[in-house]
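Engineer: Numbering (full-length UniProt numbering), first residue to last: 1 to 442.
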Amino acid sequence: MTTCGCQFATLSSGPVWSPEDIAEPAPTRPNGLPDIYRPDILENIEATIKELDSELRELSLDIHSHPEIRFEERHAHDVLTAFMEKHGFEVTKNYHLETAWLATFTHGEGGRTIGINSEMDALPGVGHACGHNLIAVSGVGVAIAIKKVLQKFDIAGKVALLGTPAEEGGSGKVILLEKGAYKDMSACLMCHPAPGPIGSVSLSSCLALERLTVEYFGHTAHAALSPWEGQNALDAAVLGYNNISALRQQLLPTHRVHGIIEGKDWAPNIIPDFARMICYVRAPTRSELQVTLKRVLPCFEAAALATGCEVKIIKEGGTYDLRQNAALGGEVANIVTAKYGAIDYEWGIKSASTDFGNVTYALPSLHPGFAIPTSKDGGNHTPEFEKAAATLPAHYACLDVTKALAATGVRVLIDDEFLAKVKNAFENDAEIQSLLKDTKFD
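#1: Leaving out five residues on either side along the sequence, give the residues of the same chain with a beta carbon under 6 Å from the beta carbon of residue 378.
#2: For the beta strand (DSSP E) containing residue 132, list its first residue and its last residue.
#3: Would you decide whether residue 201 is buried or exposed? Buried here means 16 or more other CB atoms lie within 10 Å of its CB.
#4: What three-state label does DSSP hand residue 129 in the structure shown?
#5: Which runs of the beta strand (DSSP E), 3 residues or longer, sit entirely within the stretch 151-214?
#6: Which of the three DSSP states, helix, strand or coil, is assigned to residue 12?
#7: To which residues of the same chain is residue 119 closer than 7 Å at the C-beta, ignoring the five residues directly before and after it?
#8: If we count the other Cβ atoms within 10 Å of its Cβ and call it buried at 16 or more, is residue 11 buried or exposed?
#9: Buried or exposed: where does residue 403 fall if 16 or more other Cβ atoms within 10 Å of its Cβ makes it buried?
#10: What does the Cβ neighbour count give for residue 420, buried or exposed, with the cut at 16 atoms within 10 Å?
#11: Applying the criterion that 16 or more other CB atoms from any shown protein chain within 10 Å of the CB defines a buried residue, is residue 121 buried or exposed?
#12: Considering only their Cβ atoms, is the gap separating residue 304 from residue 311 smaller than 7 Å?
#13: Using a 10 Å radius around the Cβ and a threshold of 16 neighbouring Cβ atoms, would you call residue 455 buried or exposed?
#14: Ignore the nearest five residues each way along the sequence and tell me which others in residue 465's own chain have a CB closer than 6 Å to its CB.
#15: Looking at the secondary structure, which residues open and close the beta strand (DSSP E) in which residue 300 lies?
#16: Three Cβ pairs or more, each shorter than 8 Å: is that satisfied between the stretch 223-234 and the stretch 364-379?
#17: Under 8 Å Cβ to Cβ from residue 408, same chain only, skipping five residues before and after it: list those, please.
#18: Which same chain residues, not among the five before or five after residue 308, have their C-beta less than 8 Å away from its C-beta?
#19: Could you tell me the boundaries of the alpha helix (DSSP H) in which residue 102 lies?
#20: Residue 391: buried (16+ other C-beta within 10 angstroms of its C-beta) or exposed?
#21: Per DSSP, what are the beta-bridge partners of residue 231 in this structure?
#22: Relative to the C-alpha of residue 23, which residue among 171, 342, 178 and 151 is closest?
#23: Name, in chain order, the residues that DSSP records as bridge partners for residue 280.
#24: Starting from residue 98, trace the beta strand (DSSP E) in both directions and tell me its first and last residue.
#25: How close, in whole Å, do the beta carbons of residue 143 and residue 116 come, if the pair is a contact with beta carbons under 8 Å?
#26: Among 153, 177 and 87, whose alpha-carbon lies nearest the alpha-carbon of residue 42?
#27: Please identify the residue among 126, 354 and 285 whose C-alpha is closest to the C-alpha of residue 192.
#28: Given that a residue counts as buried once 16 or more other Cβ atoms are within 10 Å of its Cβ, and exposed if not, what is residue 224?
#29: In chain order, what residues of the same chain have a beta carbon less than 7 Å from the beta carbon of residue 156, not counting five sequence neighbours either side?
#30: Count the other CB atoms, across all protein chains shown, that sit within 10 Å of the CB of residue 215; report buried if there are 16 or more and exposed otherwise.
#31: On the premise that residue 199 lies in contact with residue 344, defined as a C-beta separation below 8 Å, what is that separation, rounded to the nearest angstrom?
#32: Compare the beta carbon distance of residue 435 and residue 185 with 7 Å and say whether it is the shorter of the two.
#33: What are the residues that DSSP puts in a beta bridge with residue 310?
#34: Whose C-beta lies closer than 7 Å to the C-beta of residue 129 among residues of the same chain, with five residues either side of it excluded?
#35: How big is the Cα-Cα spacing for residue 204 and residue 433?
#36: Given this structure, state the Cα-to-Cα distance separating residue 313 from residue 94, to the nearest angstrom.
Here it is, written out as structure tokens:
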């Protein structure tokens, strides 16, 4: 069962992407954007990424050609940890989870910690059709580039790269967050590929998600001889499904409710006594999601009442929307527009969901999307996107956003005024604060 994976659905009122679309940076930089912070550091980062180019490409293709689904990323775990050890990081394998890992590098004393994430998992049936091979090597590139900066410029600080399993189907980052894996980070950074105008980096959010398992319990009977003796659990599930379909007309177009029906030991001449509906509810923010859930749950309860079945509704847990930190996002936007392309707020994973959303509620974080070339109707979770994630243009789009993230991470470590702005943006996010009133993160 997929849980928090990036399942895309383009809004009817939203933009339409074409494979021919190319992002066009403004001929002059937008008014008010400052000069690049420490261009000497950015130059060092660019040089490091250039040196790593072929190694990162080989690593990306290796992971891409060995797709592993949630919590089974053993090959990715081994090749990524070996790579980080080779580049001078202290590695903790099987970090809290069998296929999670941590690679750290510390220079000097008393410095701050910048966190980075590398996703590794693939999808059942379509492999790396969400491009997590690119996310993996981006995290590696960011970590090594920051390490080189700390050494060259004698900066005190720590780099902590987390290898995070099971974004597609297991909420791996949520588990790691609960286990304290993010507790010492001043900020955390990662990125994600998606369709969009080539050359663009997106700072859009994503949808908050709640996963529901709805089980109906009835009574079997012979479907022809004595159907009146049965309570049809399949009918209950179908009614619940249709109730959701009727509700959709009254939901905002930015909200999503979708699911499937499952059963066991079904036969056409037996009234089913059990049926299960797996349902996802999504909304632009965590608080909006709670409002929509209050309308969705009665749809399932009414179906049980109509069919005489019992119903059990299980909230399996979910993920939050991305609270893109405004200060971190502004720094990435400044670097991208100066050096690499354009910034947008319409693409990325705007209509998908990710477990990194929970991380953004716990500490200042950023999760930009970056556009890679793919074919029409070949967005995330399709065979076409799986092919796109292995192309050379996708690799270089990944490296560009990697440079911007690395430079932003360095600024977190060395610029007190900038870090204060990052913290202020986090502390003044009303959606985050509404959650923090009731929840304590480690």
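For each residue, glycine too, the CB sits at the ideal point set by N, CA and C.
Note that the coordinates shown come from a computational prediction; the quantities given were computed from them, not determined experimentally.
Structural biologist: Taking the geometry as given:
#1: Cβ neighbours of residue 378 beyond the five flanking positions: 384 and 385.
#2: Unbroken run through residue 132 is the alpha helix (DSSP H), 132-152; no beta strand (DSSP E).
#3: Classification of residue 201: buried, given that the 10 Å Cβ count is 16 or more.
#4: Look at residue 129 here: in three-state DSSP terms it is coil, with no helix or strand label.
#5: Along the length of the stretch 151-214, whole beta strand (DSSP E) runs at least 3 residues long occupy 157-164, 187-189, 192-194 and 200-202, reported in chain order.
#6: Low confidence applies to residue 12: its pLDDT is 34, below 50, so where it sits in the model is not reliable enough to give any reading.
#7: A distance below 7 Å between beta-carbons, with the five flanking residues on each side excluded, links residue 119 to the following residues of its chain, in chain order: 132, 135, 136, 164 and 167.
#8: With a pLDDT of 32 at residue 11, under the threshold of 50, the modelled position of this residue cannot be trusted, and the question is left open.
#9: It is buried - the Cβ of residue 403 has at least 16 other Cβ atoms within 10 Å.
#10: Exposed, because fewer than 16 other Cβ atoms sit within 10 Å of the Cβ of residue 420.
#11: Label assigned to residue 121: buried.
#12: Contact: yes.
#13: Residue 455 cannot be examined here, being either before or after the span of the chain that is shown, 1 to 442.
#14: For residue 465 there is no data in the structure shown, the boundaries of the chain being 1 and 442.
#15: Taken as a continuous stretch (DSSP letters only), residue 300 belongs to no beta strand (DSSP E), being part of the alpha helix (DSSP H) at 286-307.
#16: In short, these stretches do not touch, since the Cβ pair count stays below three.
#17: The residues are 189, 328, 331, 332, 335 and 366.
#18: Here residue 308 has 218 and 231 as same chain residues with Cβ atoms under 8 Å from its own Cβ, once five neighbours each way along the sequence are excluded.
#19: Run containing residue 102: none in the alpha helix (DSSP H); it sits in the beta strand (DSSP E), 101-107.
#20: Exposed is the label assigned to residue 391, since fewer than 16 other Cβ atoms lie within 10 Å of its Cβ.
#21: DSSP lists 219 as partners of residue 231.
#22: When each option's Cα is compared against that of residue 23, the closest is 342.
#23: Answer by DSSP bridge pairing, in chain order: 211 and 258.
#24: The continuous stretches of beta strand (DSSP E) do not include residue 98, and DSSP gives it neither H nor E.
#25: A Cβ-Cβ separation of about 5 Å places residue 143 in contact with residue 116 under the 8 Å criterion.
#26: With distances taken between Cα atoms, residue 42 lies closest to 153.
#27: The residue among 126, 354 and 285 with its C-alpha nearest the C-alpha of residue 192 is 354.
#28: By the 10 Å Cβ count, residue 224 comes out exposed.
#29: Take residue 156, set aside five residues on each side of it, and the residues of its chain with a beta-carbon closer than 7 Å to its own are 107, 108, 109, 110 and 111, in chain order.
#30: Classification for residue 215: buried.
#31: About 10 Å separates the Cβ atoms of residue 344 and residue 199, ruling out a contact at the 8 Å cut-off.
#32: No Cβ-Cβ contact shorter than 7 Å links residue 435 with residue 185.
#33: Per DSSP, the beta bridge partners of residue 310 are 217.
#34: Around residue 129: 123, 380, 381, 382, 383, 385 and 386.
#35: Using only the alpha carbons, I get a separation of about 20 Å.
#36: A straight-line Cα-Cα distance of about 34 Å links residue 313 and residue 94.
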